[in-house]
Amino acid sequence: MPAETTVRRKLKPIVAMNEALDAAMAADDDVVLFGEDIGAYGGVWALSKGLQKKYGELRVFDTPLSECAIMGTCAGAAMAGLRPVIEIMYVDFMTVAMDQLVNQAAKIRLMSGGAFDLPMTIIAPCGAGTSEAAQHSNSLEAWFLNTPGLKVVMPSTVYDMKGLLTAAIGDNNPVMYLWHKALYDLEEEVPDGVWTVPLGEAAVRREGGDITVVAYSLMMHRAMAAAAELDGRVSVEIIDPRTLHPFDLDTVLRSVRKTGRLLVVHESPLRCGVGGDIVRRVCEAGFELLQQAPQVVGGVDSPIPFSKSLEDAVVPQVSDIRAAIETMVE
Amino acid sequence: MPAETTVRRKLKPIVAMNEALDAAMAADDDVVLFGEDIGAYGGVWALSKGLQKKYGELRVFDTPLSECAIMGTCAGAAMAGLRPVIEIMYVDFMTVAMDQLVNQAAKIRLMSGGAFDLPMTIIAPCGAGTSEAAQHSNSLEAWFLNTPGLKVVMPSTVYDMKGLLTAAIGDNNPVMYLWHKALYDLEEEVPDGVWTVPLGEAAVRREGGDITVVAYSLMMHRAMAAAAELDGRVSVEIIDPRTLHPFDLDTVLRSVRKTGRLLVVHESPLRCGVGGDIVRRVCEAGFELLQQAPQVVGGVDSPIPFSKSLEDAVVPQVSDIRAAIETMVE
Amino acid sequence: MNFTADELKRMYTTMVLIRKFEQNSIEIFAERMKRGDFPGALHSSEGQEAIAVGVSSQLRPDDYVFSTYRGHGHAIAKGMPINKVVAEVHGRATGASRGYGGSMHLFDKSINFMGGNGIVGAGLPLALGTAYAAVKRGTDQVTAVYFGDGGASQGAFHEAINMAAIKKYPIIFICENNQYAATTHVSVNCPIEDIGDRAKAYGIPGPVVDGNNLFEVVDTAGAAVSRARGGEGPTLIECKTWRHRAHCMVIPEHRPGKDREHWANRDPIDQMRDHLTAAGIADAAAIEQLDADVQEQLKAAVAFMQDSPFPDPAEIAEVVYAG
Amino acid sequence: MNFTADELKRMYTTMVLIRKFEQNSIEIFAERMKRGDFPGALHSSEGQEAIAVGVSSQLRPDDYVFSTYRGHGHAIAKGMPINKVVAEVHGRATGASRGYGGSMHLFDKSINFMGGNGIVGAGLPLALGTAYAAVKRGTDQVTAVYFGDGGASQGAFHEAINMAAIKKYPIIFICENNQYAATTHVSVNCPIEDIGDRAKAYGIPGPVVDGNNLFEVVDTAGAAVSRARGGEGPTLIECKTWRHRAHCMVIPEHRPGKDREHWANRDPIDQMRDHLTAAGIADAAAIEQLDADVQEQLKAAVAFMQDSPFPDPAEIAEVVYAG
Ligand SMILES: Cc1ncc(C[n+]2csc(CCOP(=O)(O)OP(=O)(O)O)c2C)c(N)n1
Ligand SMILES: Cc1ncc(C[n+]2csc(CCOP(=O)(O)OP(=O)(O)O)c2C)c(N)n1
Ligand SMILES: [Mg+2]
Ligand SMILES: [Mg+2]
């Protein structure tokens, strides 16, 4: 895989992911891509733009509107030794494909005594903030994390979107790759070429000494904004786990050792969410590091309502994160 | 609803649940029951034995082998003002009905601005320990808890199975009622008559001063056994939340105030599980009460394997719980 | 069908109201999007109005309807007040779903309008529930459920029609086959010519009609409703139709020009206008008046919406859970 | 069909092996249950052996098979060594799935036996994947997938056959209609007489055969396999059959006596034995010898199992995730 170069250019998420797909398909004939509207049209998010033309209809194709069949095709093709990538148009639609993911893809390796690998990647946009209401705004990472056999990737930067997608496709297990719709227009300067961001390595997005904030996906950006607002008053360290399973606990512990304070932020519901899980792990591995109660700012106990006034109230805003930091640090 | 009497008799889970259904159906013509094999045959677990004969085929009926249609029928009937109860033969099969539960039943009240109530109960057996392997042994409570709009009940005693089922059917929201298959042969002395155990009230199963163990469903029994083994050496307080949403945090905090130590036990996977969630809540509301790191003993990061030697290794055993208590108390 | 002149005019104006409402919403959304705002998804049913109006003409007020994310027409035709529709689509507390639902989730309990649905095919299983409730209670209410050509590829389609057929539930399953699912041609979703023919797999009738012809829809829906109300079970109706616009506002038009031309002369509102004129029910001036009345009604609804408050987040917890 | 005498005898002994294996497993399980042990679920396919053996006779070693929880016969017929089957069902490390799968999850990568499945209907979508892989690679491998009359009510059935028909994937969908899904009669699962007729909804062939007649199964499966291998697309085959026992060991017999009598004289092994005798391929003594050989083979497999260790939990993490 060619290394990244020093030439830098502006890139948006969709193009970044499209380039990662393109490179993976060029490098390995076993990588195939399918889903609804992704062939001829290039995907409703333009994820697969140009790829059918380049790699042909056998490797990039449209399916019927049947997520269960799509997921089954993906898992079965992986069992046969291909390295399929599928797009689920919104992660919310995983609800109709859960069995093929959870009872099949995630379990077949175990059920076969380790005989079958299932190298497959499911790409799905997630998250609230686009006024798409209750059935197009979810972030279901907690379900997938609670499902042994799956890996879960939630990139926040354009650099990571490309590098982690490359890693996900290269992984030999089923990987849920969830990108946030509200990051659609993000633009970042990144290198040319192709690179890999390995699964399981957190990034320290901002160094600080007063408090450790763990935040991923869209919430990483909101946490950064909150930290910027507090600049000069509170020194905030921000850790972006980038992948939730595998999870880089060491980097979090290293930070908490320094700050003594832990705040986790995520937009999906609090109950049985990622925040509680990180609190559990940090308590188990570094309780003595915590100077005060670890906190989680997460989604309200509600489906996502439509009207902006309501939607903003159920998902953490910059002001919520800032307030939580201020309360903790006083 | 007639109160419980003082006459006591031995009762098993299935009969207890059957009696609760019977009483609910006798009291309210809107209570209806359907699912696979539950009509003429009376259910593969015998849950509905005798009920079709008593209440007729319009109120107790067999469906095709179509969980998605069953769940849809349930949600739609609830919207129409009935109070449906369904059986899903194993909670594992919820994977093919997730959309109707999560995107429909759990969200319709919100999406309709509160216009439609969905009073409905989903009864499903859960859990490992019966050598039924990867697709018949799960406990998916963490998914349901991570889904705003749902309530989750996980009884551990015969008394609660009856009383909580009565409460679940009386509740005006979708309730997941999960009973553990390994408790099938449990037998308990209980009163005659009908009673209600309200949702959201934990039970202190055993009083103690050294450590608080929160455990539900089958794990409550294993925790009790571990505590019994440690009797005289460690004074263990065991709290059974009985319902996971709503969750009775106060009772847990009251106990931790006394013991200073918290151990949560569950058999479903650790990651994004109930344990982390309880640790998060206790940290938030009572961090200063904790003398040491709260711990969680939970399911191993694996689907449930078949062979007994493997199955026992992925789910907490009495010895695991005992060891965890000993390590914590020293 | 034996409609009075007034009824025919009302059907016409309902179709026009749906059309004008959708055009108006798109304008308002486009305006907001120009300002960098993203007001949500909007799926126009322009071109498909005859189906909603034709089906609804055969339903009683207490019959149930389950709709889709492309459901403005279904709601208006079933009798949802236009004020509630406009207010909901623009997120106001006075909307059909008090601003919690949005365009894809219009609900109105008072007319048994059981909601739009953002999950393709997901309305079909829900329809079993109201149909069963009617049977259980011995009322003769019918349930109608709409879905698209893409929806017929979902497992939910199969499970629901199968169970309805076995139980003889009073449901009419209405497939609005507008030839495309998002950008995907129906041939990628269905290997046979007519989706209606899938009824054979369930032993029920599966009539295929021109969905742009109000009277064909009326006759077919009428027969299916009678059958359902009479306890003879469900019907699958396929309505061939065409949406004027691409899937939603963020998808550019991509459908081949020759398809567009084929359907250009088959607009259901044009056809109905011609019918009213030819039958001597309304001349050009009367039509103009009807159209103007619709515009007035819509204008008032937009004003109502603009005067309406946004919902108060303090109420969320009570909206999520019932007491 | 033009089988040699040896091939016919081998088909007969495979059927007998399946039958005897299942009887033996049930005995061992029953013994353990008497001791208060619960050794897991066991679903016997006794009575349905002609389907597995007939279909497999038309498959190549490199063709793919997806099975169900009632899949011992499918596995043995596809060529899974009996030692691996016995060891897996009793949870040994030497089993097909190293003791991780159990009776419902027999896997054997070396013969492209792609696993049993505990979720009704869930094999059908998986079958699309191997079929697609064959098309993509330009091999002419066929995929066969089994399911029951109840399985045909799952959404997965519809989605998978629909997609296979659209893509012309080389799949044979084999419905083993044994008239019951657990305790539920097929009439509660299917409103039409023949599940095979559902093929019409997908524009593919849907032959209905006597699943207890090996030769009918062979002919029909043979035609479907040729069609699939030739790139003409999938076939849905319905095999009418009857399982000798109730759904599984914990469900008592509940099926009406007259149904049982109807099927009593149609046992596939009896029919095959009669055929061998009538065709002069094997007389009574030869049959007795064949049966005895099977019993020997089985006895050896049971001994192999008893000598085999249970799996070591230390390996679990490596079995869950690939490196
Ligand atoms: C289960 C599911 N999959 C995918 C989508 C995304 N999606 C929304 S509408 C649509 C096309 C639906 O086409 P069709 O059923 O023909 O209805 P139409 O939009 O033409 O009215 C798709 C793919 C969804 N909402 N739900
Ligand atoms: C999705 C799902 N629902 C329910 C079950 C429970 N169950 C296992 S087998 C079975 C009956 C299946 O009947 P059929 O498809 O006819 O196959 P057969 O058992 O007759 O071979 C049921 C209900 C399951 N395993 N999966
Ligand atoms: Mg369409
Ligand atoms: Mg069967």
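Same order as they appear, the protein sequences are chains A, B, C and D. Numbers 878 to 1207, taken from our numbering, label the letters of the first sequence in order. Numbers 878 to 1207, taken from our numbering, label the letters of the second sequence in order. Numbers 836 to 1158, taken from our numbering, label the letters of the third sequence in order. Numbers 836 to 1158, taken from our numbering, label the letters of the fourth sequence in order. From the three backbone atoms N, C-alpha and C, an ideal C-beta is built for every residue, glycine too.
Reducing DSSP to helix, strand and coil, say where residue i ends up.
i	result
A:G1176	strand
B:P1051	strand
B:K887	strand
C:E1067	coil
C:I863	helix
B:A1010	coil
B:D1127	helix
B:M975	helix
D:W1077	coil
A:S1033	coil
B:W1020	helix
C:V1160	Past the boundaries of the shown model lies residue 1160 of chain C; chain C is included only from 836 to 1158, so the question cannot be answered.
D:C1083	coil
D:F948	strand
A:T1136	helix
B:F911	strand
D:K1003	coil
B:P1171	coil
C:Y899	strand
D:E884	helix
A:E1114	strand
One question on the structure: do residue i and residue j come within less than 8 angstroms of each other, judged by their Cβ atoms?
i	j	result
A:T1156	B:G1153	As written in the sequence, residue 1156 of chain A is Val, which differs from the Thr given in the question. Going by C-beta atoms, A:V1156 is nearer than 8 angstroms to B:G1153.
C:S903	C:G958	Residue 903 of chain C is actually Thr in this sequence, not Ser. In this structure, C:G958 lies closer than 8 angstroms to C:T903 by Cβ.
B:I1116	B:V1151	no
C:V1160	B:G991	Nothing can be reported for residue 1160 of chain C, as the shown portion of chain C is limited to 836 through 1158.
B:I985	B:I963	no
C:A1016	A:L942	yes
A:I1217	A:M971	This structure cannot speak to residue 1217 of chain A, because chain A is shown only from 878 to 1207.
C:A1056	C:Q893	yes
C:T978	C:A987	no
Classify residue i: buried if its beta carbon has 16 or more other beta carbons within 10 angstroms, exposed otherwise.
i	result
A:M1031	buried
C:V1085	exposed
A:V1029	buried
C:H878	buried
C:N1100	exposed
A:A1103	buried
A:R1199	buried
D:R1062	buried
B:Q981	buried
A:R1134	exposed
B:D1062	exposed
Is it the case that the CB of residue i approaches a heavy atom of ligand 5 more closely than 7 angstroms?
i	result
A:F970	What this structure holds is ligand 1, ligand 2, ligand 3 and ligand 4, not ligand 5.
I need the residues with a C-beta less than 6 angstroms from some heavy atom of ligand 4; please give them in chain order. D:G983, D:D984, D:G985, D:N1013, D:Y1015, D:A1016
Contiguous alpha helix (DSSP H) assignments of at least 4 residues, all confined to the stretch 1106-1149 of chain C: Taking 4 residues as the shortest admissible run, the stretch 1106-1149 of chain C contains the following complete alpha helix (DSSP H) segments, listed from N- to C-terminal end: 1119-1142.
Taking only runs of the alpha helix (DSSP H) that begin and end inside the stretch 926-1006 of chain A, which ones reach a length of at least 4 residues, in chain order? 928-932, 944-956, 983-988
Go through the stretch 958-986 of chain C residue by residue and report every complete run of the alpha helix (DSSP H) that reaches 4 residues or more, in order. 958-972
What are the start and end residues of each continuous beta strand (DSSP E) run of 3 or more residues lying completely inside the stretch 1023-1051 of chain C, in chain order? Runs of the beta strand (DSSP E) inside the stretch 1023-1051 of chain C: 1043-1045.
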